[in-house]
Every structure is written in C-alpha cells, then in structure tokens.
Amino acid sequence: MKDDMMKRAVYEEMVKAMRGILPADVRTVIKRAEKNSDTAAVLPFCMYYFYPYKWQEYSLHGESTLPAVLNYATFIALDYPFMDTDPGIKRFFYGASHITPLPEEENSSMQLEEWTILIYRKYCDLVKRAEYIEKRLAGSNVSSLAHKREQRNELMQKKAQL
Numbered sequence: 001m002k003d004d005m006m007k008r009a010v011y012e013e014m015v016k017a018m019r020g021i022l023p024a025d026v027r028t029v030i031k032r033a034e035k036n037s038d039t040a041a042v043l044p045f046c047m048y049y050f051y052p053y054k055w056q057e058y059s060l061h062g063e064s065t066l067p068a069v070l071n072y073a074t075f076i077a078l079d080y081p082f083m084d085t086d087p088g089i090k091r092f093f094y095g096a097s098h099i100t101p102l103p104e105e106e107n108s109s110m111q112l113e114e115w116t117i118l119i120y121r122k123y124c125d126l127v128k129r130a131e132y133i134e135k136r137l138a139g140s141n142v143s144s145l146a147h148k149r150e151q152r153n154e155l156m157q158k159k160a161q162l
C-alpha cells in the first residue's frame, strides 16, 4: 500500500512540475528537466515508479548527461544512513549509478552535491505527501464505511417498523 501511495505522490508531483502536461516519451521529459530543476528533482522517482527500463536504457544510450548525474545524486541521497528508504529503490539507483559513468564535465546547471541535496529534499517531500494521501484515503474510507453503516441501520429500523 505504501508503494502505491508513493507512486501516486510522485505522479502528482510530476504533473505539477510539468505544469499539467505529461509527455509520452522520456526524451521530452529529460529535455524539460534540463531546463527546470523542479522537474529534474522528481524525474528519477517518476522514472523508477513508471518507466524503469526506459530510464536505464536512456541512461545508457541517451545523448544527455543529466540521467547519469541524477542516478548518482539519487543513490547518494537515498543512501543517507538515517533514511528509512525502500531497499528496492536504493538497489535500482545503485545499479543505475554503476551502469552509467558520471560525466567528467557536468553539463548541468548544478554540481552533483547540489543535485543530491535537492533530490534528498524532494524524496522527503514525496514521503510526506504519500503519508498525507494515505491518511486522506483512510479517512475517506472510514467516513464512507460509517455512512454505509448508518444507511444499513436506517434500513433495519424501517424493516422493524413494518
């Protein structure tokens, strides 16, 4: 269930970062991320949850150096000792950071350290958002169950009166 909430939080955040327009191909998203650090910060998580194979393929064969930088930064950010991170996502970015060499000259707008901090903060925000979504959904389920219970009790009372 937690993975579903993270997936939903990532989706909502990517829609927000892309201003409501989600392109169908990875290349377009990466081009947008090269120009916008908010999009770039959520990009690794979007690719992990929705397009893991395309991300690995593009990391290896794409013309942009941004995926390699983001792979390293994401692995470093998620490997923080006190971070309670899903082992699957850590493994994914560990592998992704090792299949793509870090470019000697980064063509991105920020250094690796800055990307790492930005991605760390974005991950923390996504976790909080996922928890909020989970509570919101749990609350709506509880209220709908209570409503159904009330309806059932009313029906039982009407039947008893007949």
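Anchor point for the sequence shown: position 121 equals 121 in the UniProt record's numbering, and the numbering is continuous, going up by one each time.
A virtual CB, placed ideally from N, CA and C, is assigned to each residue, including glycine.
For residue i, count neighbouring C-beta atoms within 10 Å of its own C-beta (all shown protein chains included) and say buried if the count is 16 or more, exposed if not.
{"i": "Met5", "result": "buried"}
{"i": "Phe82", "result": "exposed"}
{"i": "Leu70", "result": "buried"}
{"i": "Glu113", "result": "exposed"}
{"i": "Lys135", "result": "exposed"}
For residue i, tell me which candidate among the options has the shortest Cα-Cα distance.
{"i": "Thr65", "options": "Met47, Asp86, Tyr49, Glu34", "result": "Glu34"}
{"i": "Pro44", "options": "Ile21, Arg19, Leu118, Lys135", "result": "Leu118"}
{"i": "Tyr48", "options": "Asp3, Gly62, Pro23", "result": "Asp3"}
{"i": "Lys31", "options": "Gln151, Asp79, Pro52, Gly62", "result": "Gly62"}
{"i": "Pro101", "options": "Pro67, Tyr80, Tyr123", "result": "Pro67"}
{"i": "Arg103", "options": "Ser59, Leu155, Asp86, Tyr123", "result": "Reading the sequence as shown, one finds Pro at residue 103 and not Arg. Of the listed residues, the one whose Cα sits closest to Pro103 is Ser59."}
{"i": "Pro52", "options": "Ala24, Thr28, Ile89, Ile21", "result": "Ile89"}
Give me, in chain order, the residues of the same chain whose beta-carbon lies closer than 7 Å to that of residue i; leave out the 5 immediate sequence neighbours on both sides.
{"i": "Cys116", "result": "In the sequence on display, residue 116 carries Thr and not Cys. Here the set comprises Ala73, Ile76, Ala77."}
{"i": "Ile133", "result": "Met5, Arg8, Ala9"}
For residue i, collect the residues of the same chain with a Cβ closer than 6 Å to its Cβ; drop the 5 residues on either side in sequence, then sort them by chain order.
{"i": "Tyr94", "result": "Phe75"}
Quick one: what's got a C-beta closer than 8 Å to residue i's C-beta in the same chain, skipping five residues either side?
{"i": "Phe92", "result": "Tyr48, Pro52"}
*Taking only runs that begin and end inside the segment 12-53, name each unbroken alpha helix (DSSP H) of 4 or more residues, in chain order.*
26-35, 37-50
*asked:* Could you check whether the segment 8-16 touches the segment 123-135, counting it as contact only if at least three pairs of C-beta atoms, one from each stretch, sit closer than 8 Å?
replied: yes
_the segment 36-43 touching the segment 16-23, judged by at least three CB pairs closer than 8 Å_ = yes
_Every unbroken alpha helix (DSSP H) inside the segment 66-124 [4 residues or more]_ = 66-78, 87-99
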